[in-house]
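Protein chains in written order, with the working numbering: chain A, 134 to 246; chain B, 31 to 146.
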């Protein structure tokens, strides 16, 4: 089955700096890669996703890049703010067309004011 | 749009009892719902895939007789933890996909289960 590795497990940045979280996946058939933000005790919220037919997607301060050849994708947050502090999870679907997701272990991002 | 609710938000029960958790899509129909379990400071682990009108598909290692799933309508799926034990204490989260829509999963707020 699909295996998703996520790094780093914790990340501290100064407010205003950029944060980058990286994930690798094992199954080349995967074609959907969402990123979720989860605050303590709350539901995961989709912040951005990318499909294998594009290499980059951006939404204001958040961007995701995908390298299909290397089977890795990254989340980039620019101009970080304290409210960006949360746990971020990457995920990949099991195979093309599958709705089932495998999640990475998560990255705890702390933005220091 | 795409709001998913769960009930209850938290529950405490005695060991050996059963607990039912409801997952509802409030403003859309969902042919497919998923049930996850999340232990403290860990990732989401998929337990089962619930399809309306058919039997759930369980992930390896998840006991189908212990975690009963029913998806009787396009807006409701239920998870029943039978004969709960302390090791079943966890955060249970459901998600749903819009019927006929893209594969984006919308998550419920989760249910905190504590088994004494």
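The C-beta atom is built at its ideal place from N, Cα and C for all residues, glycine as well. Since the structure is predicted, the reported quantities are computational estimates derived from the model, not experimental observations.
Consider the Cβ of residue i: report whether some Cβ of chain A lies at a distance smaller than 8 Å.
| i | result |
| --- | --- |
| residue 42/B | no |
| residue 127/B | yes |
| residue 123/B | yes |
| residue 74/B | yes |
| residue 139/B | yes |
| residue 79/B | yes |
| residue 59/B | no |
| residue 134/B | yes |
| residue 144/B | no |
| residue 62/B | yes |
On a CA-only basis, which of the options is nearest residue i? Give me that one, please.
| i | options | result |
| --- | --- | --- |
| residue 164/A | 244/A, 182/A, 175/A, 173/A | 182/A |
| residue 65/B | 94/B, 113/B, 47/B | 94/B |
| residue 120/B | 128/B, 126/B, 111/B, 127/B | 111/B |
| residue 138/A | 151/A, 245/A, 216/A, 166/A | 166/A |
| residue 170/A | 194/A, 146/A, 180/A | 180/A |
| residue 129/B | 55/B, 143/B, 89/B | 55/B |
| residue 31/B | 141/B, 145/B, 134/B, 142/B | 134/B |
| residue 148/A | 238/A, 210/A, 190/A | 210/A |
Compare the C-beta of residue i with all C-beta atoms of chain B and state if any pair is closer than 8 Å.
| i | result |
| --- | --- |
| residue 186/A | no |
| residue 206/A | no |
| residue 234/A | yes |
| residue 177/A | yes |
| residue 226/A | yes |
Tell me which residue opens and which closes the beta strand (DSSP E) that residue i is part of.
| i | result |
| --- | --- |
| residue 37/B | 34 to 37 |
| residue 189/A | 189 to 192 |
| residue 205/A | 205 to 210 |
| residue 68/B | 62 to 68 |
| residue 108/B | 106 to 111 |
| residue 236/A | 234 to 236 |
| residue 171/A | 165 to 171 |
| residue 54/B | 49 to 55 |
| residue 184/A | 178 to 184 |
Drop a sphere of 10 angstroms on the beta-carbon of residue i, count the other beta-carbons inside from all chains shown, and report buried for 16 or more, exposed for fewer.
| i | result |
| --- | --- |
| residue 256/A | Look at the range of chain A in this structure, 134 to 246, and you will see that residue 256/A is not part of it. |
| residue 168/A | buried |
| residue 132/B | exposed |
| residue 222/A | buried |
| residue 42/B | exposed |
| residue 69/B | exposed |
| residue 239/A | buried |
Return the Cβ separation of residue i and residue j in integer angstroms, given the expectation that the two are a contact with Cβ distance under 8 Å.
| i | j | result |
| --- | --- | --- |
| residue 101/B | residue 63/B | 6 Å |
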